[in-house]
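Which chain is which? The protein sequence lines are A and B, in order. Residue numbers for the first sequence, in our numbering: -10 to 320. Residue numbers for the second sequence, in our numbering: -10 to 320. Idealized CB from N, CA, C, for every residue including glycine. Step one of this worksheet: look at the structure below.
Protein chains: 2
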Amino acid sequence: MASIRDVAKKANVAACTVSRVLNGSASVAEETRQRIEQAMKELNYIPNELARGMFKQRAGIVAMLVPSIRHPFFSSLADQIEKELYQQGYKMMLCSTGDDIAREREYMKTFRSNIVDGVIMGVSNLKDEEYEAFQKPLVMLDHKVNEEIPVVVSDHRTGGILAAQKFLEGGCRNIIHICGLDAPEVLSFQSHRALEEILSARGVQVKAVEIKWSNFDFDGYLELAKMILEKNPEIDGIMAADLPAVAFLKAARQIGRKVPETLCVVAYDGTYVVDTNLLDITTIVQPVKEIANRSIGVLVDLLEGRPAKPAMNMLEVSLREGNTTKSRIPS
Amino acid sequence: MASIRDVAKKANVAACTVSRVLNGSASVAEETRQRIEQAMKELNYIPNELARGMFKQRAGIVAMLVPSIRHPFFSSLADQIEKELYQQGYKMMLCSTGDDIAREREYMKTFRSNIVDGVIMGVSNLKDEEYEAFQKPLVMLDHKVNEEIPVVVSDHRTGGILAAQKFLEGGCRNIIHICGLDAPEVLSFQSHRALEEILSARGVQVKAVEIKWSNFDFDGYLELAKMILEKNPEIDGIMAADLPAVAFLKAARQIGRKVPETLCVVAYDGTYVVDTNLLDITTIVQPVKEIANRSIGVLVDLLEGRPAKPAMNMLEVSLREGNTTKSRIPS
DNA sequence: TTGTATGCGTTATCAT
DNA sequence: ATGATAACGCATACAA
Chain A
-10 MASIRDVAKK ANVAACTVSR VLNGSASVAE ETRQRIEQAM KELNYIPNEL ARGMFKQRAG
50 IVAMLVPSIR HPFFSSLADQ IEKELYQQGY KMMLCSTGDD IAREREYMKT FRSNIVDGVI
110 MGVSNLKDEE YEAFQKPLVM LDHKVNEEIP VVVSDHRTGG ILAAQKFLEG GCRNIIHICG
170 LDAPEVLSFQ SHRALEEILS ARGVQVKAVE IKWSNFDFDG YLELAKMILE KNPEIDGIMA
230 ADLPAVAFLK AARQIGRKVP ETLCVVAYDG TYVVDTNLLD ITTIVQPVKE IANRSIGVLV
290 DLLEGRPAKP AMNMLEVSLR EGNTTKSRIP S
Chain B
-10 MASIRDVAKK ANVAACTVSR VLNGSASVAE ETRQRIEQAM KELNYIPNEL ARGMFKQRAG
50 IVAMLVPSIR HPFFSSLADQ IEKELYQQGY KMMLCSTGDD IAREREYMKT FRSNIVDGVI
110 MGVSNLKDEE YEAFQKPLVM LDHKVNEEIP VVVSDHRTGG ILAAQKFLEG GCRNIIHICG
170 LDAPEVLSFQ SHRALEEILS ARGVQVKAVE IKWSNFDFDG YLELAKMILE KNPEIDGIMA
230 ADLPAVAFLK AARQIGRKVP ETLCVVAYDG TYVVDTNLLD ITTIVQPVKE IANRSIGVLV
290 DLLEGRPAKP AMNMLEVSLR EGNTTKSRIP S
């Protein structure tokens, strides 16, 4: 690999002059510039970004950590984030933890070692102190650590409210919500709070069933769904992320439960998994594009030392009405 | 950020002694080691990988370039590749081109600048010379440049043969194959060759319709499918990647075409998009895990200077039989 | 066992 | 307009 000094030698100048041509950082005589550009071409020279990064204390890379790259929500989000980063002149390093705490911790350690400039955390199973001890710009998704670290999150409370209304309209009495872990800092759990608040006030039963996102095994979801529906015939409403929601629809069909007549299903996320389904699924849609845009906006501001925006960034969800829920109670 | 010299100062030793403790590269007195480890802890020291990489001429990062991170096939593959890389001690940098040639070229340039050690090319729209001029280990997916650059590819010819058999069994007479571009170096086109060879020998019409992978817009696929089915009522067989295949199934249902009675559909890839469908879709399955394993095996061998394996790595596809095709011609 | 000197490739500062 | 020098943080060869 040709270095800047090889180019300098070939063009009969000092290395720093080559550097000046490279960066346009100072005026160089036209004739000298030509010689240097010629030499760069002949040597097929490309600057070493490692050395550059070392000098500038900046790698030009942002890491994103997710539970699974395959997961449709995270792959859609990562796709958008990469696009945003590209526009801002950064590269993305996408890593996945498989929801394994040790791997998350290990990656966080790697990220501190100057290989990346900042991190988007799409997974967060460590203790708050560990995020607070991270000494670089960090943006958390769906997880509030404290008042300092920026967080980008969908308005899950509204998501829960919208879903609750659908269940009420459908006259449902026994709801199961397939969801993530319950912890005060896990903001997506707000959807469950809202659901429960509204529905139990109307005497509707709501039960949470916790699963891990990274157990991203559709057949497993399908078995779970079948088991739940068979063991609990009184269940008449399901809220779940796109993938488990689809699993319930498939399970319902297999055991002969009619949707939406005897079972209402609301999917949560709105990835292409709902689009590709033959049914038109009622869905709470997270604004993936806006999440990506806001996350990178906040992170790049931090990276480039611009004034900080508010730490809490909440974005609107929307309801897409399909026919896996009933619009009105038949009277 | 504490540097190795800060640690050295605190522990009253020279920097190289700290380095020795870090790497276990030479014996250090037990008491000295303790002092150093203590100092590292107190300073919350983490080695600077940029500096390390600069010295070692190695970044510990492998790039993967794909047309779209969202695409279920590529996100599944990227997920596996990341796992394989992690096991081998490398990080992955995942980038997408949106099938834009300029972006692919730009990324290739970035990848040469010592920021990554090698590249997995999941997209390849440049001229062969550009890949040949790349001076680092490269593994191409589905694309043969020459006899030197390693390529990992599914046995698409067999894929085409398996599909052709299904169409023959179903008595289909007019097939449409939704596929990528036709070029000698694009190996996935072999499936089309095989399909045509076998079917036209039996007097079955086969027509190729080219689409771009990155136009990853399900509604667009759906419109296309509806248009094709309505304008060509004689069509009785479809082969397409998972996503467009599902679009055809949805379109068929919308315009009242019966599957598999009057329309057979074979999906190609076998991502979870077919799993999540309510129908049981006949599918040619690419061995994603094996592709990832072989790709990284070959690449890491190159990176670590081990003897090169054969350049051509072809992996077996399999048929998963569903009920979007007929098993026997009703006589 | 430990320390000194040097280089990896780049760029900023200061000098000419 | 151009060059010499030093520094970024680390790891090696060599010396002590």
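- Beta-bridge partners of Tyr257(B) (DSSP): Ala230(B), Ile273(B).
- Using a CB distance below 8 Å, the part of the region 246 to 272 of chain A facing chain B consists of Tyr261, Val262, Asp264, Thr265, Asn266, Leu267, Leu268, ordered along the chain.
- With a cutoff of 8 Å on beta-carbon distance, Ile109(B) and Val128(B) are scored as near each other.
- Pro276(A) and Ser143(A) do touch by the CB rule: their CB atoms are close to 7 Å apart, below 8 Å.
- The beta carbon of Met29(A) is closer than 6 Å to those of Val(-4) in its chain, skipping five residues each way along the sequence.
- Taken in chain order, the members of the region 227 to 245 of chain A whose beta-carbon sits within less than 9 Å of a beta-carbon on chain B are Asp231, Leu232, Val235, Ala236, Leu238, Lys239, Arg242.
- Only those residues of the region 16 to 39 of chain B whose C-beta falls short of 7 Å from the nearest C-beta of chain A are listed: Ile35, Pro36, Asn37, Glu38, Leu39.
- Listed by position along chain A, the residues whose Cβ is nearer than 7 Å to that of Asp68(B) are Ser57, Ile58, Arg59, Ser85.
- Under the Cβ criterion (8 Å, minimum of three pairs), the region 147 to 157 of chain B does not count as touching the region 167 to 176 of chain B.
- Note on geometry: alpha-carbon atoms of Glu219(A) and Asn163(A) lie some 14 Å from one another.
- Neighbourhood of Glu71(A) in chain B, by CB distance below 7 Å: Ile58, Cys84, Ser85, in chain order.
- Within the region 77 to 119 of chain A, the complete beta strand (DSSP E) segments at least 3 residues long are 80 to 85, 107 to 110, listed from N- to C-terminus.
- Residue pairing by DSSP places Lys196(A) opposite Ile165(A) in a beta bridge.
- Ranked by Cα distance from Gln27(B), the first of Ala15(B), Val10(B), Lys239(B), Ala91(B) is Val10(B).
- Counting every other CB atom within 10 Å of its CB across the protein chains shown gives Arg(-6)(B) a total below 16, marking it as exposed.
- Segment contact: the region 218 to 238 of chain A against the region 84 to 97 of chain A, fewer than three CB-CB distances shorter than 8 Å; contact not assigned.
- Between Val254(A) and Ile224(A), the C-beta gap is not smaller than 8 Å, which leaves the two residues out of contact.
- Your pair Ala183(A) and Ala214(A) does not check out as a contact, with CB atoms roughly 23 Å apart and the cut at 8 Å.
- Counting C-beta pairs with one atom in each stretch, the region 67 to 82 of chain B and the region 10 to 23 of chain A have fewer than three that are closer than 8 Å, which means they do not touch.
- Chain-ordered listing is empty here: chain A has no CB closer than 7 Å to the CB of Met110(B), the nearest sitting near 16 Å.
- Phe44(B) sits exposed, since fewer than 16 C-beta atoms from the chains shown fall within 10 Å of its C-beta.
- The region 56 to 76 of chain B makes no contact with the region 10 to 19 of chain B, as fewer than three CB pairs between them are under 8 Å.
- Under DSSP, Asn302(A) forms a beta bridge with Val141(A).
- Contacts between Lys98(A) and chain B, judged by CB atoms closer than 7 Å, involve Ile35 in chain order.
- Within chain B, the residues placing a beta-carbon under 9 Å from that of Lys80(A) are Ala52, Met82, Cys84, Tyr96, Thr99, Ile104, ordered along the chain.
- Contact check for His145(B) and Ser177(B): beta-carbon distance about 5 Å, within the 8 Å limit, so the pair qualifies.
- Within the model, the alpha-carbon separation for Asp106(B) versus Glu293(B) is close to 10 Å.
- Distance from the CA atom of Val112(A) to the CA atom of Tyr257(B), rounded to whole angstroms, is 32 Å.
- Secondary structure at Met53(A): strand, using DSSP grouped into helix, strand and coil.
- Secondary structure at Arg309(A): strand, using DSSP grouped into helix, strand and coil.
- Excluding residues up to 5 positions away in sequence, Cys253, Thr314, Lys315 lie with their Cβ nearer than 6 Å to the Cβ of Gly159(B) in the same chain.
- Listed along chain B are Leu39, each with a C-beta nearer than 7 Å to that of Gly42(A).
- With respect to the C-alpha of Arg47(B), the residue from Ala40(A), Ile50(A), Ile273(A), Gly49(A) having the closest C-alpha is Ala40(A).
- At least one CB of chain B lies nearer than 8 Å to the CB of Phe207(A).
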